Amino acid sequence: MKFKRDKLSDDQLLSLYRALLKPRMIEEKMLVLLRQGKISKWFSGIGQEAISVGVTAALQSDEYIFPMHRNLGVFTTRDIPLERLFGQWQGKDTGFTKGRDRSFHFGTQEHHIVGMISHLGPQLSLADGVGLAHKLKSEEKVTVAFTGEGGTSEGEFHEALNVAAVWQLPVIFIIENNGYGLSTPTSEQYYCEHLADRGIGYGIETLRIDGNNILEVYRTISKWAKRIRKDPRPLLIECDTFRMRGHEEASGTKYVPQDLMDYWAKKDPLTNFEDYLKEEKILDKKTIEKYRAQNKIEIESALANTARINIPERSPEEEIEDLFLPYEHISHAPSSTTSDRRFIDAIKDGIDYAMERHDDLVLMGQDIADYGGVFKITDGFMDKYGKGRVRNTPICESAIIGAGLGLSIKGMKAMVEMQFSDFVTCGFNQIVNNLAKSHYRWGQSADVVVRMPCGGQVEAGPFHSQTNEAWFTHTPGLKIAYPSNPHDAKGLLMESFEDPNPILFFEHKALYRSIRAEVPDGFYTIPFGKAAITSEGSTLSIITYGLGVHWSMDLKEKENLDIEIVDLRTLAPLDYDAIKATVAKTGKVVVLHEDSMFGGIGGEIAAYISEHCFHDLDGPVMRCASLDTPIPFSKNLETNYLASKRLKNTVYSLLEY
Ligand SMILES: Cc1ncc(C[n+]2csc(CCOP(=O)(O)OP(=O)(O)O)c2C)c(N)n1
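Pasting the structure below:
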């Protein structure tokens, strides 16, 4: 292995050596602890340390790094106290996740590190978000995101690189090509010659370097980071290296040919660098022993201190409390003047006021800039707020939602418009695993509002008509609004932008231009978790939301019924008090929703009522929902599918019960 020291001083070389030695020694100790059953899993980075260490050493300490499961060297080079790392790995409160997540699955703002979620690729898009924040604020910083070669097969890799290229973001993507993804060799992972070549397809500059040569890694990153800080753009670097141990310790390396192991053993990054420093008379045996002894003391004492700490216990209340960043609704009363607004205008106004109030709020979505979005909600915003804050995106829901979380990591706010809520499937992972879990896991809130134009009665077929809130109401860590009228739409949307937690905001397309009302001018907010009584009544309650409110009102008026209509307004949190109160008043409940019946939120509400309001009931809680089929296109079929078709019968059968 050839080392080129350039202008590095002896001290700098020794410091790189020490930075390489430390993770190696920690790992060797971890392997012992694993055998003793003191830690549960270990993903070894032995033989790959030059990449983590070289990259981290080349960056400024406040530049963000998005590491993977084998990047211990990132954490040690950022000087994270070992007690905190050991506490993390042993699920203790001295770690970074209060025992809630394992291994390297954590972030720390203090150290500007954002660890992975298990799904590998998603943090590449978060790095885009941080890069975007740097660029928008002209901060002259670079961000680094790691992936294994296996992770490059995920869609997120392609989306994240493409977004970084289109937006020219200051992000360095590093592929650690270590030969195997679990047991899968590179020949079964990709077909191109070199992964670095993929960058060319995205218009990204690319490099391939020896990932086992610490000086090559350090020099490359130092040089390029300097360039990218001044002239923001992405870079893709493929680092050749090898995984010397099993995927995780228990799985072994039987499937790896011995000659490959032998070949790479000779290229060990630590011993080669050590030999070089010895040859150059910069390092001797005695000094190595001294460094090793110092590391040993540090490791042993941190382990002993960690052993003294108990596994945490916490009450269910405390656990639930940490789902969200604490946020107190502040009442902003509506102004006394009003204007006649359609549902769609009210939403537009809400976004407009939020953009004025929060100058760090960035809007992202397909065709939302010059074109104004397919529903024209953001029409004119690009001219008013600039192309930086009103951003057209490529068609890549996952990367954009991930970038939204990246903006939050930098203290900014994001709104992501789904062109149709149906397309949220392509961003599902980022929502349910990243946005929803990040505060609970490591205290980082996702200040992202995902707008969801949803719903049927528009004859648009299975992929432009779904109302898919139940996919998300089941996921702890999300707040969900589903307004039914212009007043609520504006007030709840403005509240969503005040609240720093992740919010899914459902907007029924059929309401956009079909309903209008007097809406207060200016800024006001409506708290989440407060239902509204749309219409009072005494014989039966319909508990519903969205378009269901209008179906219920139509029925009430047409049939001249004395029924109460409760509009939930938000589905997470739910207003249980309002549910209890209406059951106590009427004794009969229909839960109505446009979503399919099975597994819909109606089942949850019905279960709650039977558990908590049983003595107030004068009949079974009934659900009225759409068919358990996809939503069809043709008018008659769609009518047949929708819950509205069965509402009258359901109400009468309960009234007559
Ligand atoms: C989406 C997803 N699919 C499968 C896995 C299981 N898994 C964990 S690591 C891994 C291999 C990853 O290979 P690579 O990206 O090359 O990283 P390496 O482990 O080699 O460092 C697999 C298949 C996962 N974590 N996430």
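In terms of our numbering, the sequence shown is residues 1299 to 1955. Cβ atoms here follow ideal geometry from the backbone N, Cα and C, with glycine treated the same way. Given the structure is predicted, the values throughout are model-derived calculations rather than measurements.
- DSSP links V1660 through a beta bridge to A1712.
- Under the 10 Å beta carbon count, E1491 is surrounded by fewer than 16 other beta carbons and is classified as exposed.
- Under the Cβ criterion (8 Å, minimum of three pairs), the segment 1402 to 1415 counts as touching the segment 1366 to 1384.
- DSSP places C1724 within a helical segment (H, G or I) once states are collapsed to three.
- In this structure, the straight-line span from the alpha carbon of L1311 to that of K1565 is close to 19 Å.
- For T1518, same chain residues with a beta-carbon under 6 Å away, outside a window of 5 residues either side, are I1507 in chain order.
- G1419 has its CB nearer than 8 Å to a heavy atom of ligand 1.
- For the set D1573, K1735 and L1467, the Cα lying nearest the Cα of L1703 is the one of K1735.
- In this structure, the straight-line span from the alpha carbon of E1892 to that of M1680 is close to 34 Å.
- The distance from the Cβ of R1749 to that of E1805 is about 6 Å, consistent with a contact at the 8 Å cut-off.
- R1689 is classed as buried because its beta carbon has at least 16 other beta carbons within 10 Å across all chains shown.
- Minimum Cα-Cα distance from L1357 among the listed residues A1317, S1520 and V1330 corresponds to S1520.
- With respect to T1445, L1422 sits close: the two C-beta atoms are nearer than 9 Å.
- One thing to note: L1733 has its Cβ within 9 Å of the Cβ of I1699.
- For H1627 against P1825, the beta-carbon gap comes to about 4 Å, under 8 Å, which counts as contact.
- Under the three-state reduction of DSSP output, A1425 falls in the helix class.
- In the three-state reduction of the DSSP assignment, M1542 falls in the coil class.
- Look at the beta carbons and you see the segment 1308 to 1323 touching the segment 1579 to 1590: at least three pairs across the two are nearer than 8 Å.
- Using a C-beta cut-off of 8 Å, the segment 1871 to 1883 makes no contact with the segment 1787 to 1802, since fewer than three inter-stretch Cβ pairs fall below that distance.
- Around the CB of F1761, fewer than 16 other CB atoms lie within 10 Å, so the residue is classed as exposed.
- DSSP, reduced to helix, strand and coil, places L1434 within a helical segment of the structure shown.
- The segment 1872 to 1925 is shown to contain whole alpha helix (DSSP H) runs of 4 or more residues at 1874 to 1884 and 1899 to 1910, in chain order.
- Here E1381 is buried. Its C-beta has 16 or more other C-beta atoms within 10 Å.
- Straight-line spacing of the CA atoms in G1686 and D1658 works out to 11 Å.
- Taking a 10 Å sphere around the C-beta of R1867, we find 16 or more other C-beta atoms and assign the residue as buried.
- If one requires a minimum length of 4 residues, the alpha helix (DSSP H) runs lying completely within the segment 1548 to 1594 are 1556 to 1563 and 1567 to 1577, in chain order.
- Taking a C-beta distance under 9 Å as the contact criterion, I1840 and L1890 qualify as a contact pair.
- Per DSSP, reduced to three states, the secondary structure at N1603 is helical.
- Ranked by Cα distance from V1747, the options S1782, N1783 and A1701 are led by A1701.
- For L1505, the enclosing beta strand (DSSP E) covers residues E1503 to D1508.
- For the pair of segments examined, the segment 1549 to 1557 was found not to touch the segment 1523 to 1536: the number of CB pairs separated by less than 8 Å stays below three.
- In the DSSP assignment, H1737 falls within the unbroken alpha helix (DSSP H) covering S1736 to W1740.
- Excluding residues up to 5 positions away in sequence, T1937 lie with their Cβ nearer than 8 Å to the Cβ of K1943 in the same chain.
- Taking S1932 as the centre and dropping the five residues before and after it, the same chain places no C-beta closer than 7 Å to its C-beta.
- Distances from the alpha-carbon of A1758 to those of S1313, I1580, P1567 and P1930 put P1930 closest.
- T1635 sits exposed, since fewer than 16 C-beta atoms from the chains shown fall within 10 Å of its C-beta.
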